[in-house]
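Asks: Encoded as structure tokens, here's the structure I'll be asking about.
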Amino acid sequence: GRALAALRAPNLAGAVVIGEPGSGRTRFAREVAASWAATGDVTWVAASESNAHFSFGSLSAIVPDLDPEDFGRSAARVTRRLAEGHDSLLVVDDAQLLDTASLAVVHRLAVSPGPLALLVTVDEREVEAPGLARMLRDGLWDHIVLEPLEVGTVIALLERHLQAPVERASAAKLRELSGGNPSLLLELVGAGAASGSLAPRGGVWTWRGAVPASARLQGLVERRLGRLAPEARHAFEVVAIGEPVGLREL
Numbered sequence: 492g493r494a495l496a497a498l499r500a501p502n503l504a505g506a507v508v509i510g511e512p513g514s515g516r517t518r519f520a521r522e523v524a525a526s527w528a529a530t531g532d533v534t535w536v537a538a539s540e541s542n543a544h545f546s547f548g549s550l551s552a553i554v555p556d557l558d559p560e561d562f563g564r565s566a567a568r569v570t571r572r573l574a575e576g577h578d579s580l581l582v583v584d585d586a587q588l589l590d591t592a593s594l595a596v597v598h599r600l601a602v603s604p605g606p607l608a609l610l611v612t613v614d615e616r617e618v619e620a621p622g623l624a625r626m627l628r629d630g631l632w633d634h635i636v637l638e639p640l641e642v643g644t645v646i647a648l649l650e651r652h653l654q655a656p657v658e659r660a661s662a663a664k665l666r667e668l669s670g671g672n673p674s675l676l677l678e679l680v681g682a683g684a685a686s687g688s689l690a691p692r693g694g695v696w697t698w699r700g701a702v703p704a705s706a707r708l709q710g711l712v713e714r715r716l717g718r719l720a721p722e723a724r725h726a727f728e729v730v731a732i733g734e735p736v737g738l739r740e741l
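Take a look at the structure:
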């Protein structure tokens with residue numbers, strides 16, 4: 492599809508996949524990587540908060556013992572390692588968590604001529620982070636934004652997951668509750684099925700009743716709220732407790 496075309500385009504370094512947490516960035520990248528692997532080599536780098544505290548922490552999995560005191564030599568070692576593959580693709584998942592040195596190497600790979608293709612996933616809230624923004628603004632990337640799921644897509648996803656028809660009004664309710672976020676949607680489906688709010692009625696899955704307070708669902712919502720600024724989180728809590736609340740009261 493579009494991502495593979497960007498990876499093959501001679502005037503692009505590759506593609507960047509942008510979406511909110513739970514939007515399916517990693518799954519999207521894995522599907523693209525699986526297609527690429529049919530004819531070429533794939534190297535996967537999963538950036539993390541723990542590795543972000545160390546120079547070259549994110550790249551150490553593919554090239555060990557990189558020297559933070561000698562950036563040029565370390566970058567050259569990474570380049571040589573990736574050049575060893577045939578028709579190589581480098582996937583960087585959660586690039587917003589790259590340490591500064593690893594980000595600089597990925598940026599160098601993007602602007603350097605060569606056959607290496609790059610596929611990068613980024614949290615939509617971090618695309619304006621200084622180092623990352625500079626890399627993504629150089630005109631070498633196809634920006635693929637994962638939008639919230641529409642009702643029709645929700646119906647198709649749920650019917651594949653449940654192996655049965657789903658009432659459109661119920662799918663619309665679940666889409667509203669989840670905001671079209673795939674991870675939150677599936678957690679709602681699991682919690683609803685366990686509580687009986689979501690159940691087959693007359694051969695069609697329908698949602699009736701309140702949203703269940705499952706531990707997994709509560710944890711997911713708390714993690715999403717935890718990423719908000721304190722003022723925004725307080726506003727959400729006020730609305731949740733005292734709804735309906737007008738803008739003037741907020």
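Sequential numbering from 492 applies to the sequence shown in our numbering. For glycine and all other residues, C-beta sits at the position ideal for the given N, C-alpha and C.
Among 585, 600, 650, 564, which residue has its Cα nearest to the Cα of residue 620?
Replies: Minimum Cα distance to residue 620 is reached at 585.
Asks: Give the DSSP bridge partners of residue 571, in chain order.
Replies: Beta-bridge pairing links residue 571 to no other residue.
Asks: Determine the extent of the beta strand (DSSP E) in which residue 697 is found, giving its start and end residues.
Replies: Looking at the DSSP string, the run of the beta strand (DSSP E) that includes residue 697 is 695 to 698.
Asks: Quick one: measure Cβ to Cβ for residue 631 and residue 503, integer angstroms, because I've assumed they're closer than 8 Å.
Replies: Contact holds; Cβ gap of about 6 Å.
Asks: Check whether the Cβ atoms of residue 579 and residue 550 sit closer than 7 Å, and answer yes or no.
Replies: Cβ distance not < 7 Å, so residue 579 and residue 550 don't count as in contact.
Asks: Can we say the segment 503 to 515 touches the segment 613 to 627, given the rule of at least three CB pairs closer than 8 Å?
Replies: Cβ pair count under 8 Å is three or more, so yes.
Asks: Do you know how far the Cα of residue 609 is from the Cα of residue 577?
Replies: Answer to the nearest angstrom: the Cα atoms are 14 Å apart.
Asks: Once DSSP output is grouped into helix, strand and coil, what is the label at residue 517?
Replies: Note: residue 517 maps to helix in three-state DSSP.
Asks: In three-state terms, what does DSSP make of residue 616?
Replies: In the structure shown, residue 616 sits in a helix (DSSP, three-state: H, G or I).
Asks: Apart from the five residues on each side of it in sequence, which residues of its chain come closer than 7 Å, Cβ to Cβ, to residue 672?
Replies: The residues are 511, 513, 514, 639.
Asks: Does residue 598 pass the burial test, meaning 16 or more other C-beta atoms within 10 Å, or should it be called exposed?
Replies: Label assigned to residue 598: buried.
Asks: Thinking just about the alpha-carbon of each residue, which of 626, 583, 569 is nearest to the one in residue 516?
Replies: Ranking 626, 583, 569 by Cα distance to residue 516 puts 583 first.
Asks: Would you give the residue range spanned by the beta strand (DSSP E) that residue 649 belongs to?
Replies: Residue 649 -> not in any beta strand (DSSP E); alpha helix (DSSP H) instead, spanning 642 to 653.
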